[in-house]
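Heads up: take any position in the sequence shown, counting from 1, add 409, and you land on the working numbering. All residues carry an ideal CB built from backbone N, CA and C; glycine is no exception.
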Amino acid sequence: MLAAPARPLSLVLRECTAAAHGDVEKSPFLSRLVSGSLNRAAVADYAAQLWFVYSALEVAVREHSADPRLAVVADPRLERVGALERDLADLIGPQWRSCILPGPGAAAYVDRLAGLAEVGDVTGLIAHHYVRYLGDLSGGQLLARVLRERYRVGAAGLHFYDFREAGDPGICRAEYRRQLDSLALGEVDVSWLASSANEAFALNRGVCRDLAERHCTLSDRI
């Protein structure tokens, strides 16, 4: 009897992280942000926390970019640090670096990414790369519209969501999934990839929890 064909890795990841993904999307901060009920200070703080996370992620990925598994998905055109820096200059001003600090959630996220890089956990880095960049190419595009329409953020503050250098977001998403599916990972690695992706969502929830404490009322956070 023929063995059942292996399921696409992108589908496995999507299914095993669906609950964690939904928890992040429904978090008080993101819910209020999408509703348009926060302010530009919250938008700027969100971009600042992302800058700390992406700075750590992109350093870690570049450090191990020679690994053929990571090289499959690590397209430099997806990198967001430069875009976030332009956004922060618009949202805060040219002195933005002296105005921002990582919250506990972002600090924990940075520490985890640095730890993965230190031990050379390429599978873990792929999982974090997947959660962040595929999310930016998907729901991030909807959030850009919210920021533009409800918070009056202009193009100068929305570079983070602009992937024109890499191509059409829909095509980029499909290509990312295709590249991910091309990885030949064993059962143990697939299990660790799924676990690490759920960990990435948990760390994102920590960032959102900090932001909610700073920008949402107590009743909003319950």
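The Cβ neighbour count for V470, taken over all protein chains shown within 10 Å, is at least 16; the residue is labelled buried. Positions of the alpha helix (DSSP H) runs, each at least 4 residues long and wholly inside the region 461-491, are given as 477-480 in order along the chain. By the Cβ-count criterion, T626 is exposed, with fewer than 16 other Cβ atoms from all chains shown falling within 10 Å of its own Cβ. Out of A498, D496 and A526, the CA that lies nearest to the CA of E467 is found in A526. Taking 8 Å as the cut-off, the beta carbon of R478 is found closer than this to the beta carbon of L592.
Taken atom to atom, the span from the alpha-carbon of A516 to that of E596 is near 31 Å. DSSP places Q504 in the coil class of the three-state scheme, outside both helix and strand. Collapsing the DSSP output to three states places Y539 in a helix.
The alpha-carbon separation between S440 and L487 amounts to approximately 26 Å. In the structure shown, A621 falls within a helical segment according to DSSP collapsed to helix, strand and coil. Taking 8 Å as the cut-off, the beta carbon of L500 is found closer than this to the beta carbon of A456. Of the candidates T532, Q458, G563 and Q550, Q458 places its Cα closest to the Cα of R506. Segment contact: the region 609-619 against the region 425-438, three or more CB-CB distances shorter than 8 Å; contact assigned. Taking the CA atoms as reference points, G548 sits about 17 Å from A575. D454 is a Cβ neighbour of R623, given a cutoff of 8 Å.
In this structure P513 is exposed. Its beta-carbon is surrounded by fewer than 16 other beta-carbon atoms within 10 angstroms. A498 has its alpha-carbon roughly 7 Å from the corresponding atom of Q504.
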